[in-house]
Amino acid sequence: KAGVTQTPRYLIKTRGQQVTLSCSPISGHRSVSWYQQTPGQGLQFLFEYFSETQRNKGNFPGRFSGRQFSNSRSEMNVSTLELGDSALYLCASSPLDMGLAGNEQFFGPGTRLTVL
Amino acid sequence: LAKTTQPISMDSYEGQEVNITCSHNNIATNDYITWYQQFPSQGPRFIIQGYKTKVTNEVASLFIPADRKSSTLSLPRVSLSDTAVYYCLVVTGFQKLVFGTGTRLLVSP
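And the structure:
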């Protein structure tokens, strides 16, 4: 089975621009989560989608948004980019439904976003 | 969500057994203990997960005492390729993983 894929792998933007990142989960996985990783804050949860619905959200401003399509593919968007948004953005998919404890998540390689 | 505490770093040599202990005093009844491994510029990779007692798979063992307030990840006979950051997480049924600072394991020849 192919793993989680994320595109693009690297991205350079300037302040004020917006960016859209894409994630394709493992086939059959319906849950997709997004994380931001920076040297200062570590790995932080952004949001999670299941069946096109956002079920859980982290403590990020409204500039960060996402969506999931009927084929479980997901996108996240960051508007009005700030220097502090430079980070590795990771997508993870999970095969199991919400409510079952201990779901393993499969991470993609990430998108490295640099904001200048 | 239960907070986890683990050592910031550990050093070992090839062929040795490495034990990384994690404290999670506020773990809830429905929480599972999960460990992830992360190499630089890669996404975390699931290692092992358990609820109580002992769990073993092909790469690691996880020891959880009866009170579940701590857990120990055991890596048998580490190699240079085990150099990575190891995260201990307490996970509920929700899909939100809360990562701490992790333990940086350095394996030397």
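Residue numbers (the working numbering), protein chains in the order written: chain A, 14 to 129; chain B, 1341 to 1449.
Quick reminder that beta carbons are idealized off the backbone N, C-alpha and C, glycines included.
Out of LEU129(A), GLY123(A) and VAL128(A), point me to the one whose CA is closest to GLN1378(B)'s CA. GLY123(A)
Which residue's Cα is closest to the Cα of PRO52(A): GLY1442(B), PRO1347(B), HIS1364(B) and VAL1447(B)? GLY1442(B)
For THR1361(B), which residues does DSSP report across the bridge? THR1412(B)
Would you say LEU56(A) reaches chain B, if we count a Cβ-Cβ gap shorter than 8 Å as a contact? yes
Kindly indicate which three-state DSSP category GLY55(A) falls into: helix, strand or coil? strand
Against chain A: residues of the segment 1380-1411 of chain B by CB proximity under 8 Å: SER1381, GLN1382, GLY1383, PRO1384, ARG1385, PHE1386, GLN1389 and TYR1391
Counting C-beta neighbours from all protein chains within 10 Å, is the total for GLY121(A) 16 or more, i.e. buried, or is it exposed? buried
Could you tell me which uninterrupted alpha helix (DSSP H) segments, each at least 4 residues in length, are contained entirely in the segment 82-122 of chain A, listed from first to last along the chain? none
DSSP state of SER1349(B), grouped into three classes? strand
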